[in-house]
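S.K.: Take this structure first; my questions come after.
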Amino acid sequence: LQNGTDGAQGDDSATLKAAVAQWLNESQPPPDPPLSAEKKNGRGFNHKITGKLLCPVDCNWSNADAIREFQPNFHVMAHSWPSFLYADGDYDPTRPAKGLFKGKYLVMVSIVVKNIPQASQPKRITWKTHCHVARLLKMNTVQLQAIAYMATQLHFALSSCSLWMVVDEDFNHEEFYHNIVDYFKLPISPQKAAELNDLLMWWNQ
Numbered sequence: 258l259q260n261g262t263d264g265a266q267g268d269d270s271a272t273l274k275a276a277v278a279q280w281l282n283e284s285q286p287p288p289d290p291p292l293s294a295e296k297k298n299g300r301g302f303n304h305k306i307t308g309k310l311l312c313p314v315d316c317n318w319s320n321a322d323a324i325r326e327f328q329p330n331f332h333v334m335a336h337s338w339p340s341f342l343y344a345d346g347d348y349d350p351t352r353p354a355k356g357l358f359k360g361k362y363l364v365m366v367s368i369v370v371k372n373i374p375q376a377s378q379p380k381r382i383t384w385k386t387h388c389h390v391a392r393l394l395k396m397n398t399v400q401l402q403a404i405a406y407m408a409t410q411l412h413f414a415l416s417s418c419s420l421w422m423v424v425d426e427d428f429n430h431e432e433f434y435h436n437i438v439d440y441f442k443l444p445i446s447p448q449k450a451a452e453l454n455d456l457l458m459w460w461n462q
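Residues are numbered in the numbering used here as their position in the sequence shown, beginning at 1, plus a constant of 257.
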C-alpha cells in the first residue's frame, strides 16, 4: 500500500478506478458530467457525486464550497468516517454504528477484488503489504484488515488524486486504514465487541 504505483496494489487501484466510474455513471440519476474511467481530476470534491460519498458524516454536503476550499471547520481528515462507509450513505448521529461498513460501493469493491487474479496468501498483513486485496481474504472469509484495505482503496478511487499518496491534502490514507483496524480491534465495551462480531458475520454471509 505504501507505494501504490508498483506491484499488485497498483493493479487494484487501476481496476477500481474504472469500476467506480462505471458504477457511478450507471446510477440514477446519472452524474452530470459523467465520470471518466481514465482521468481522476474530475472526481473527489470537484464532482457532486464523488464529493457527497467522500464527505465526512459529521459535515454537511450543503457546505461543499467550504469543504473544497479547505476551510478550518471543514477539513476532511482520516479520523472522520466518509458517508460511503454507511448503508445508503445514511448516518444517524444518535446511532453512529448503524449501517457502518455496509456501504453499497464498499460491498461492490469486495466483489470486484475477489475476482482480481491472485497468487499465494501472504503470511503477514501490514500497511506495507503490496498485494491484491483478494490475498488479504483468508479463503472466502473477509477479515477486518481486508475491510480496512477495501475502504482505503475506495476512498482513493473516489478521490481526484491521480497517483497513490499516503497523504493527499489533509487526508492520510495510512491513518484511515489504521483507524478502521483499531475500530474493530479495540471495542469500547463487551456490547460493542458483540456488535462488531455480528458485523464481521454479516460480511461473511
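For each residue, glycine too, the CB sits at the ideal point set by N, CA and C.
All values derive from a computational prediction rather than experimental measurement.
Buried or exposed for Ala271, please, with buried defined as at least 16 other CB atoms from any protein chain shown within 10 angstroms of its CB.
M.R.: Within the sequence shown, the letter at position 14 stands for residue 271. The residue is exposed, with fewer than 16 neighbouring Cβ atoms inside 10 Å.
S.K.: When the Cα of Gly356 is compared with those of Ser417, Pro339, Glu295, which residue comes out closest?
M.R.: Walking along the sequence shown from the start, residue 356 turns up at place 99. Selected option, being the one with the closest Cα: Pro339.
S.K.: Leaving out five residues before and five after Ala408 in sequence, what residues of the same chain have Cβ atoms less than 7 angstroms from its Cβ?
M.R.: Here residue 408 refers to the residue found at position 151 when the sequence shown is read from its first residue. So the qualifying residues of the chain are Leu342, Leu363, Ile437.
S.K.: Since Gly301 contacts Leu311 with CB under 8 angstroms, what's their CB separation in whole angstroms?
M.R.: The sequence position of residue 301 within the sequence shown is 44, counting from 1. The sequence position of residue 311 within the sequence shown is 54, counting from 1. With a Cβ gap of about 7 angstroms, Gly301 and Leu311 count as contacting.
S.K.: Would you identify the three-state DSSP class for Pro447, choosing helix, strand or coil?
M.R.: Position 190 of the sequence shown, counted from the first residue, corresponds to residue 447. It is helical.
S.K.: Would Ser416 be called buried (16 or more neighbouring beta carbons within 10 Å of its own) or exposed?
M.R.: Position 159 of the sequence shown, counted from the start, is the residue given in the question as residue 416. Buried is the call here.
S.K.: Asp289 by DSSP, collapsed to three states: which one?
M.R.: Counted from its first residue, the sequence shown places residue 289 at position 32. Looking at Asp289 - three-state DSSP - the assignment turns out to be coil, as it is neither helix nor strand.
S.K.: By the three-class DSSP mapping on this structure, what secondary structure does Asn282 have?
M.R.: Residue numbering aside, residue 282 sits at position 25 when the sequence shown is read from its first letter. Three-state result, Asn282: helix.
S.K.: For Leu411, count the other beta carbons within 10 Å of its own beta carbon; 16 or more makes it buried, fewer makes it exposed. Which is it?
M.R.: Counting from one through the sequence shown, the residue named residue 411 turns up at place 154. By the neighbour-count rule (16 or more Cβ atoms within 10 Å), Leu411 is buried.
S.K.: Distance check for Leu401 and Asp347, CA to CA, integer angstroms please.
M.R.: Your numbering for residue 347 matches position 90 in the sequence shown. Your numbering for residue 401 matches position 144 in the sequence shown. In a straight line, the C-alpha of Asp347 is about 22 angstroms away from that of Leu401.
S.K.: I'd like the list of long-range same chain contacts for Ser419, defined as Cβ closer than 8 angstroms, with 5 residues on each side in sequence excluded.
M.R.: As a first step, residue 419 is located in the sequence shown; it is residue number 162 there, counting from the start. Result list for Ser419: Lys296, Lys297, Asn298, in chain order.
S.K.: Looking only at its chain, what residues have a beta carbon closer than 8 angstroms to the beta carbon of Pro313, apart from the 5 residues adjacent to it on each side?
M.R.: Locating residue 313 in the sequence shown gives position 56, where the first residue counts as 1. The answer, listed in chain order, is Val333, Met334, Ser337, Trp338, Pro339, Ser340.
S.K.: Quick check on Asp349: buried or exposed, where buried means 16 or more other Cβ atoms within 10 Å of its Cβ?
M.R.: Taking the first residue of the sequence shown as 1, we reach residue 349 at position 92. By the neighbour-count rule (16 or more Cβ atoms within 10 Å), Asp349 is not buried but exposed.
S.K.: At the level of alpha carbons, what is the spacing between Pro290 and Thr307?
M.R.: The sequence position of residue 290 within the sequence shown is 33, counting from 1. The sequence position of residue 307 within the sequence shown is 50, counting from 1. The straight-line gap from Cα to Cα measures roughly 12 angstroms.
S.K.: Within its chain, find whatever has a CB closer than 7 angstroms to the CB of Glu432; leave out the 5 residues flanking it on each side and keep chain order.
M.R.: Counting from one through the sequence shown, the residue named residue 432 turns up at place 175. Around Glu432: Ala335.
S.K.: Please classify Ile368 as buried or exposed, where buried requires at least 16 other C-beta atoms within 10 Å of its C-beta.
M.R.: Walking along the sequence shown from the start, residue 368 turns up at place 111. Exposed: under 16 other Cβ atoms inside 10 Å.
S.K.: I need the boundaries of the alpha helix (DSSP H) containing Asp439, first residue and last residue.
M.R.: On the sequence shown, position 182 is the one that residue 439 refers to. Where Asp439 is concerned, the enclosing alpha helix (DSSP H) stretches over 430-442.
S.K.: For the ligand SAM, is there a heavy atom less than 7 angstroms away from the beta-carbon of Asn429?
M.R.: Ligands in the displayed structure: none, and consequently the ligand SAM is not present.
S.K.: Within its chain, find whatever has a CB closer than 6 angstroms to the CB of Ala276; leave out the 5 residues flanking it on each side and keep chain order.
M.R.: On the sequence shown, position 19 is the one that residue 276 refers to. Answer for Ala276: Val369, listed in chain order.
S.K.: Can you look up Val366 in the DSSP assignment and give me helix, strand or coil?
M.R.: One-based indexing of the sequence shown puts residue 366 at position 109. Three-state DSSP puts Val366 in a helix.
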